[in-house]
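> Before we start, here is the structure in question, set down as structure tokens.
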Amino acid sequence: MPLFCLESRDTHAYDQLPAAVTSSGLTPTPKGPHAWNLRIRGLALKILVPVTLLSLICLLVYGPFDSFLSSRAELLDEQRLGADAVAQDDEVIVLPPLYGELKVLESQLPQHNLSLPFPEGKNGRYIRFENQMWGVGLNNQLEEILILSHLAHLSNRAYVFNNYTWDQISKGPYVYENGRPRATVIPLTAFISGPTAGGPWAPGDPAPRAISAEWWETVCPYEKRLVLNSTLENASMGLAPDVDGDILIAHWAEKLRNLDHECVALDGWAPSIVDIAFFVSNRVTSLFPMMSDSPVITRFAWSSIVRSGVIANYPLLLPGPSPQTISELPVLPGLVAIHLRRGDYYNHCKTILAPEGQEYMGWNRIDGLPDRFTPPPGAGGGALTPEAWTVYLSHCWPSDEQIKEKLRVVRAEDSTLTRVFVLTNGKREWVSSLKKKLLEDGWEDVATTLDLNLTWEQSGVNNAIDMEIAARAQTFIGNGFSSLTSNVNILRISRGMALEDIRFW
Ligand SMILES: Nc1nc2c(ncn2[C@@H]2O[C@H](COP(=O)(O)OP(=O)(O)OP(=O)(O)O)[C@@H](O)[C@H]2O)c(=O)[nH]1
Ligand SMILES: [Mg+2]
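If you're matching positions, the sequence shown starts at 1 in full-length UniProt numbering and goes up one per residue.
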């Protein structure tokens, strides 16, 4: 675009400015050299001011900022796209799966039956958290879902599970983000099975099984509900806003257990008991011992779609014959999985994590993990010096050199590590070049998210497939700021894998 974008008629308009008015009651026309100066100055003012103003407007809209704005927009798109960026190279945009058939299967869960005996059935005990997160990543939601499902279990109430909800407002099946379709909701059972998604508790466990949000509408119609407001209840229980997670959950469990009402709902307008801020604070860590032993975690299972994606790709991850079932070969020996969180993270680190001086999040903060992170001086309270940014970047968005170096360190500590699996939402071009560099650095084999052979159904849950591979790898190097890494870690620890084999950038 041209620097100035006045159209010709605008310029000509200035030629037609009215001549100076006469003595017929109006301003006389000045004469002489001074008059010329005045005229020129007057004309200059009349022409230059509007021209400059218009030009500035045009500059902003089309001018040299145009390329800056569009490259900025591309960068933001790229950062926002996240995993979608992986697929950007593909020319054909395929609609993502919606897993509608899973809603039918969910409706057929055996606990969706009014005639079951207490604590299930029409007089059963239920808890619905209407204030759960939505519109954030799977793992941000999953962290909350698992704690609330644990709370429901402690309260002897059936947890009401929701769809994984990206967009609660749009009515259609997809929303378009930067021209790409994304499912507004995905049944939770596309990602997970186990008790949180309606699976059975251990034999002998009297707790009622989780039900779907749709069944809640049937078994707990509006008039049967007792609706609680989390803010008011926290206050009435004397729980300070910064109360530790173990105390918070113990109080809520007691409260919910002792209520006689069958159908209890947490009001959707008040904050969640464990909102997103909870997971980036120290409050979360005291919950870890209870959570990692909870049947919610010990009986956690991925969906059959996720499991089939993992099994189908074993040949890429481990030389030798593939296992027949997921429970065989639960550890992938010799494999180090590395989580490279790309996409939106550069921006997220620069504008949120670093200026807020955040530490690692969620279960990435627990005691006993070998790599700790203390925010450097110069980060926090909105400030971020270049030196502090360099430190954050190395943990949040490590460079190729830093990735190679960290891998060399873990290999030096454990020479049985020979292969790498890169789980990432990075772009294809960068992933391929990194893979080449790692092979040149002496790794026997390198597979990545982009190498997995996935069916269409599996591709809609590829993040969970990557997570299970990371959970099985002999060693895992994660991103301490990521909830995906955090959820991989609680799974690893609850399965008895060593804390020393969990590392961070
Ligand atoms: N397949 C795959 N996708 C990933 C990976 N890391 C991030 N993503 C995807 O990148 C996108 C953007 O991240 P979020 O949706 O915010 O992810 P999240 O699950 O909340 O996890 P964090 O943001 O890392 O805390 C999502 O679609 C993620 O699933 C990965 O290692 N593998
Ligand atoms: Mg997220």
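Note that the Cβ used here is the ideal one computed from N, Cα and C, for glycine as well. Predicted model only: the values in this text are computed from it and were never measured.
Starting from the N-terminal end, write out each residue whose C-beta falls within a distance shorter than 7 Å of any non-hydrogen atom of ligand 2.
In chain order, the qualifying residues are VAL136, GLY137, ASN139, ASN140 and SER483.
> Sorry if obvious, but does the Cβ on ARG341 come closer than 7 Å to a heavy atom of ligand 1?
Under cutoff, so the answer is yes.
> Return the first residue and the last residue of the beta strand (DSSP E) that VAL227 is part of.
VAL227 -> beta strand (DSSP E) spans 225–228.
> Quick check: the Cα distance between LEU439 and LEU384, rounded to an integer number of angstroms?
Using only the alpha carbons, I get a separation of about 36 Å.
> Determine, using beta carbons only, whether ASN463 and LEU138 come nearer to each other than 8 Å.
Yes, Cβ-Cβ distance for ASN463 and LEU138 is below 8 Å.
> Who are the near neighbours of VAL310 in its chain, counting only those whose CB is closer than 7 Å to its CB and skipping five residues on each side?
Excluding sequence neighbours, VAL310 sits near ILE326, ILE465, GLU468 and ILE469.
> Any heavy atom of ligand 1 closer than 7 Å to the CB of THR184?
No; taking the cut-off as 7 Å, the Cβ of THR184 has no heavy atom of ligand 1 nearer than that.
> To the nearest angstrom, how far is the alpha carbon of THR189 from that of THR351?
Rounded to the nearest angstrom, the two C-alpha atoms are 34 Å apart.
> At a cut-off of 7 Å, is THR448 close to ligand 1 when judged by its beta-carbon and the heavy atoms of the ligand?
No, since every heavy atom of ligand 1 falls outside the 7 Å radius drawn around the Cβ of THR448.
> Express the C-alpha separation of GLU130 and VAL264 in angstroms, rounding to a whole number.
Taking the straight line from one Cα to the other gives about 10 Å.
> Specify the secondary structure class of LEU349 as computed by DSSP and reduced to three states.
Note on identity: in this sequence residue 349 is Cys, with Leu being the wrong assignment. Looking at CYS349 - three-state DSSP - the assignment turns out to be helix.
> Compare the Cα-Cα distances from PRO375 to each of ALA388, ARG492 and TRP505 and report the closest residue.
Comparing Cα-Cα distances from PRO375 to each of ALA388, ARG492 and TRP505, the minimum goes to ALA388.
> Ordered along the chain, which non-local residues of its own chain (more than five positions away) have a Cβ less than 6 Å from that of TRP134?
These residues qualify, in order along the chain: THR165 and GLN168.
> Output needed for residue 506: all residues of its chain with C-beta closer than 8 Å, excluding positions within five of it in sequence on either side, in chain order.
Examination of residue 506 is not possible in this model, given that the chain is present from 1 through 505 alone.
> Per DSSP, what kind of secondary structure is TRP505 in: helix, strand or coil?
Note: TRP505 maps to coil in three-state DSSP.
> By DSSP, does LEU332 sit in helix, in strand, or in coil?
Here LEU332 sits in strand by DSSP.
> Can you give me the start and stop residues for the alpha helix (DSSP H) that ALA464 sits inside?
Per DSSP, ALA464 belongs to the alpha helix (DSSP H) from 462–472.
> Using C-beta distances below 6 Å, list every residue in its chain close to ARG299, excluding the 5 sequence neighbours before and after it, in chain order.
The residues are GLY194 and PRO195.
> Could you check if THR424 belongs to the surroundings of ligand 1, using beta carbon to heavy atom distance under 7 Å?
Yes, Cβ of THR424 sits closer than 7 Å to a heavy atom of ligand 1.
> The alpha helix (DSSP H) that contains SER305, what's its start and end?
Reading off the sequence, residue 305 comes out as Ile, not Ser. From DSSP, the alpha helix (DSSP H) with ILE305 extends over 304–312.
> What number of angstroms, rounded off, separates the C-alpha of LEU287 from the C-alpha of TRP397?
Each residue's Cα considered, the two are about 28 Å apart.
> Just mark GLU106 as buried or exposed, buried being the case when its beta carbon has 16 or more other beta carbons within 10 Å.
Counting Cβ neighbours within 10 Å, GLU106 comes out buried, since at least 16 surround it.
> With three or more C-beta pairs closer than 8 Å as the rule, is the segment 432–447 touching the segment 477–493?
Because the criterion of three Cβ pairs below 8 Å is not met, the segment 477–493 and the segment 432–447 do not touch.
> Is it the case that the Cβ atoms of GLN474 and LEU318 are separated by a distance below 8 Å?
Taking 8 Å as the Cβ cut-off, GLN474 and LEU318 do not qualify as a contacting pair.
> Do the CB positions of PRO208 and ARG283 come within less than 8 Å of each other?
Going by C-beta atoms, PRO208 is not nearer than 8 Å to ARG283.
> Report buried or exposed for TRP252, applying the criterion of at least 16 other Cβ atoms within 10 angstroms of its Cβ.
Its Cβ being crowded by 16 or more others within 10 Å, TRP252 is buried.
> Please say whether THR448 and VAL461 have beta carbons closer to each other than 8 Å?
In this structure, THR448 does not lie closer than 8 Å to VAL461 by Cβ.
> Specify the secondary structure class of CYS396 as computed by DSSP and reduced to three states.
Here CYS396 sits in helix by DSSP.
> Over the uninterrupted beta strand (DSSP E) stretch that includes LEU248, give me the two end residues.
No beta strand (DSSP E) holds LEU248; the alpha helix (DSSP H) holding it covers 245–258.
> Considering only their Cβ atoms, is the gap separating ILE297 from SER494 smaller than 8 Å?
For SER494 and ILE297, yes; Cβs fall inside 8 Å.
> By how many angstroms is the C-alpha of GLY426 removed from the C-alpha of GLU223?
Looking at the two C-alpha atoms, the distance is approximately 49 Å.
> Would you decide whether SER236 is buried or exposed? Buried here means 16 or more other CB atoms lie within 10 Å of its CB.
With fewer than 16 other Cβ atoms within 10 Å, it is exposed.
> Work out the CA separation of THR455 and ALA85 for me, nearest whole Å.
With a pLDDT of only 39 at ALA85, under 50, the local geometry of the prediction cannot be trusted, and no value is derived from it.
> My understanding is that GLU144 touches SER322, with C-beta atoms under 8 Å, so please give their C-beta distance in whole angstroms.
Not a contact, Cβ separation roughly 35 Å.
> Is any non-hydrogen atom of ligand 1 found closer than 7 Å to the C-beta of ASN313, if you look at the structure I gave you?
Checking every heavy atom of ligand 1 against the Cβ of ASN313, none is found closer than 7 Å.
> Please tell me whether, using a cut-off of 7 Å, the distance from the CB of ASN347 to the nearest non-hydrogen atom of ligand 1 is below it.
Checking the Cβ of ASN347 against ligand 1 gives no.
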